[in-house]
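Below: the structure, in structure tokens.
There are 2 protein chains.
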Amino acid sequence: MFKLEKTSKQSQARTGELQTAHGSIQTPFFMPIATRGAVKTLSSFDIERLGSPILLSNTYHLWLRPGMEVMKRMGGLHAFMDWKGAILTDSGGFQIFSLEGLRKLSESGVTFQSHIDGQKLSMSPEDCIDIQRTIGSDICMVLDVCTKLPATKEQLTEALALTERWAKRSKEQFEKTRATAINPGAQLFGIVQGGTDIDLRKRSLEGLLKIGFDGYAFGGLSVGEPFEDACHVLEAIEPAMLKEKPRYFMGGAKPDEIVAYVKRGIDMFDCVLPTRNARHGSVYRFVHDDVSKPDFFEVLHVTNEKYKDSEERLITDQYSDVDEELSRYTLGYLRHLFTVHEVLGMRLATLVNLRFYLELMKRIRRSIEEGTL
Amino acid sequence: MFKLEKTSKQSQARTGELQTAHGSIQTPFFMPIATRGAVKTLSSFDIERLGSPILLSNTYHLWLRPGMEVMKRMGGLHAFMDWKGAILTDSGGFQIFSLEGLRKLSESGVTFQSHIDGQKLSMSPEDCIDIQRTIGSDICMVLDVCTKLPATKEQLTEALALTERWAKRSKEQFEKTRATAINPGAQLFGIVQGGTDIDLRKRSLEGLLKIGFDGYAFGGLSVGEPFEDACHVLEAIEPAMLKEKPRYFMGGAKPDEIVAYVKRGIDMFDCVLPTRNARHGSVYRFVHDDVSKPDFFEVLHVTNEKYKDSEERLITDQYSDVDEELSRYTLGYLRHLFTVHEVLGMRLATLVNLRFYLELMKRIRRSIEEGTL
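Residue numbers (this note's numbering), protein chains in the order written: chain A, 810 to 1182; chain B, 810 to 1182.
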């Protein structure tokens, strides 16, 4: 389902095409985050206008609300939010393991309390697959054990072994549920863990390769460790990765870091930065066209006093269906909207930033094709 | 600037056309409210898609933020929010007189504390005109005295006399500033006060007629009094109103009440109900086509459990440029968005409700033309 197209001569960067049950996607690509079935402030119509062929949602959050009974009756998430493109669902493992309070791990799965009402819940790797089958995701993620750091090497090794056993069970459940699934063309990705320990990362990857997945994700990076550490991990295990499978860097990153990870062989990204920063009044902008130089972008903090009478437009270049709308408004107007707490400000900034990230990926692909990355 | 077209034989309802410096508007019409330079959750692009030729903003709020220095440098509100249609600005009198704490009324104007930072401010009727000139409104409103109820007849009479003297000064300032205004084609409306006292209302109207305005508004109605009282006031003073001037009912009303006020000769409306109710999960919908019958609409409270798996669409009929987007989503999805506090829910409901109010006005106009209202 993944077709490698071009590999850079200067780096591990590559272009390709990932086929999903809801359309083909050029790699490398970025996924806007629709945690609860909506990218904050935007409709699926808006995401289409932005031109994204895929979005990411969250298994744990959708499981709690609207719940799988409603999800089933509504025909899955594609129908529920009327999204015609592809959907990848994060397993929710990261969210569950981040929960405060009672959280018990066992061979069978994880028991925890809902962040909404404290209700006691449990999720096994099989449950996680069943939920994603009900959601109808195009790309499902296995439930993994996210160990709280700092942890001893022994603790990490144990967690990895359990993650591997869970990954095997996930794959079995995934195969078992294919025939009856609303989206039988779905794919399953494994998640490589192991923190910044190269030895553990390699062991984790090897375990997953033995089981065999449609793609391989890197979890537990971009969680606060130095940027160089993530690069080091990717460089060290890149040779062990399969060329013909897509590689997904979970939860990252800043625009220049995305370029760096692409150069280390990554094909897929998701990140809250463009949308979260938008809601705090920070907007991304290209400074020049050469994404191989780290100063290719800037971040404007539009709540700053200096923008109060700026007649500069939110965007000046044209490359998506939201441009007609966005090019009408000034930085001064955007600042005003944030000052008076109008959510339109968050919405316009969200459109600007997602448009930036999506265009960034296009420029990265072009650079790889032109041999400059 | 107002051209009366058809008057009903069964009621005082009338159709006409109001010419403004930013386009002609068929009457009766409804104005979406953009208090701080944005209809909550919507851009001016969205208002265009909804098909409204006019919106309403607020002098007091814009005066405080972004302030008139910024407003002047940005070229007025039309340029600031990139709105090509007409703008009516409420004087802000209602907001100022609603402020808690220190608020002192004198012959010259009103002194009060900003609701944002407690700063001591003052506004004279002349200031109010100057501010609206800077905003570049197409329809300016005079600053009026809004007396807190209950009040004695003596207090109300005094307030009316002061309102009349302020109206006269407003008119003079409006004429004096025409030549240098960024929008010299602007109009000025007087505001009829007097509560539910017919005698006071008549005196107020007579005073304003002597000064002469481009239109006449009714303030202090739809503020909690029985609906019948407002109807009674309008019926009693309708014969004294000029046929050839537009009549504006400020701050109201529910859909069936709007029909009732149109039947009593009103041409213009603004109301927070469609947008505020939208933000609380209530959406308006037509039940049948005959707006002369009060049961022509219903209000759905989509946060209700019963909508959780409703596959019914937000809209089923087609009449605006937002229909393509709105017809994609179900009541079940909208309920989910409210349940998980996604502002997209507020936005979709706001579009649905404004679309309803704008279509209501079209149906009212059609009914008057067809002689059924």
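We put the beta carbon where it would ideally sit given N, CA and C, even for glycine. Source: prediction; values computed, not measured.
For Ala970/A, the secondary structure class from DSSP, reduced to helix, strand or coil, is helix. Relative to Leu871/A, the option among Ser853/A, Gln941/A and Gly910/A whose CA is nearest is Gln941/A. Leu1153/A is not a Cβ neighbour of Thr1084/B, given a cutoff of 8 Å.
In the three-state reduction of the DSSP assignment, Cys937/A falls in the helix class, which pools H, G and I. Note that the C-beta distance between Ile1046/B and Arg1010/B is below 8 Å.
Under the 10 Å beta carbon count, Asp1099/A is surrounded by fewer than 16 other beta carbons and is classified as exposed.
Close CB contacts of Ile938/B within its chain, under the 6 Å cut and outside five residues either way in sequence, are with Ser979, Gln982 and Phe983 (chain order). For the C-beta of Phe854/B, the chain A residues within less than 7 Å are, from N- to C-terminus, Glu1134 and Arg1137. Contact fails between the region 878-895 of chain B and the region 1099-1112 of chain A, because fewer than three Cβ pairs, one in each stretch, are under 8 Å apart.
When DSSP reads this structure, Arg912/B sits in a beta bridge with Phe921/B. Closer than 8 Å at the C-beta level to chain B, one finds these residues of the region 1089-1120 of chain A: Lys1117, Asp1118 and Glu1120. When beta bridges are read from the DSSP output, His1110/A appears opposite Ser1091/A.
Between Phe839/B and Leu1135/B a beta carbon distance of about 18 Å is seen, past the 8 Å cut, so the two are scored as non-contacting. In the structure shown, Glu1015/B adopts helical secondary structure according to DSSP, grouped into three states. Look at Arg845/B here: in three-state DSSP terms it is coil, with no helix or strand label. Rounded to whole angstroms, the Cβ separation of Asp953/B and Gln1002/B is 6 Å, and the two are in contact under 8 Å. Listed along chain A is no residue with a C-beta nearer than 9 Å to that of Pro841/B; the closest approach is about 13 Å. Residues of the region 889-914 of chain A with a C-beta atom less than 7 Å from some C-beta of chain B are Phe889, Met890 and Asp891, listed in chain order. Beta-carbon to beta-carbon, Ala895/B and Ile834/B are separated by about 6 Å, close enough to satisfy the 8 Å threshold. His1097/B is classed as exposed because its beta carbon has fewer than 16 other beta carbons within 10 Å across all chains shown. Identification of chain B residues near Val1149/A by a Cβ-Cβ cut-off of 7 Å yields Arg845 and Arg874, ordered along the chain.
Shown here for Gln821/B: same chain residues with a beta carbon closer than 7 Å to its own, the five before and five after excluded, namely Glu1047, Lys1072, Arg1073 and Gly1074 in chain order. DSSP, reduced to helix, strand and coil, places Thr989/A outside both helices and strands of the structure shown, so it counts as coil. For the alpha helix (DSSP H) assignment, the uninterrupted runs of no fewer than 4 residues enclosed by the region 1028-1052 of chain A are, from N- to C-terminal side, 1036-1046.
Apart from the 5 residues on each side of it in sequence, Leu911/B sits with its Cβ closer than 7 Å to the Cβ of Phe921 and Gln922 in its chain, given in chain order.
Chain order gives no chain B residues near His831/A, where near means a beta carbon separation below 7 Å; the closest approach is about 16 Å.
Under the 10 Å beta carbon count, Asp1079/A is surrounded by 16 or more other beta carbons and is classified as buried. Lys913/A has its alpha-carbon roughly 9 Å from the corresponding atom of Ser931/A.
In the three-state scheme derived from DSSP, where H, G and I count as helix and E and B as strand, Tyr1128/A is classed as coil.
Contact of Gly1141/B with chain A by beta-carbon distance below 9 Å involves Pro875, Val879, Arg882, Met883 and Phe889. Annotation for Gly902/B: the continuous alpha helix (DSSP H) segment containing it runs Gly902 to Ser907.
Bounds of any alpha helix (DSSP H) do not take in Met932/A; it lies within the beta strand (DSSP E) bounded by Lys929 to Met932. Comparing C-alpha distances from Lys1019/B to each of Gly1090/B, Ala1049/B and Glu814/B shows the shortest one belongs to Ala1049/B. The Cβ neighbour count for Ser1119/A, taken over all protein chains shown within 10 Å, is at least 16; the residue is labelled buried. Just so you know, the alpha carbons of Thr816/A and Glu1066/A end up roughly 19 Å apart.
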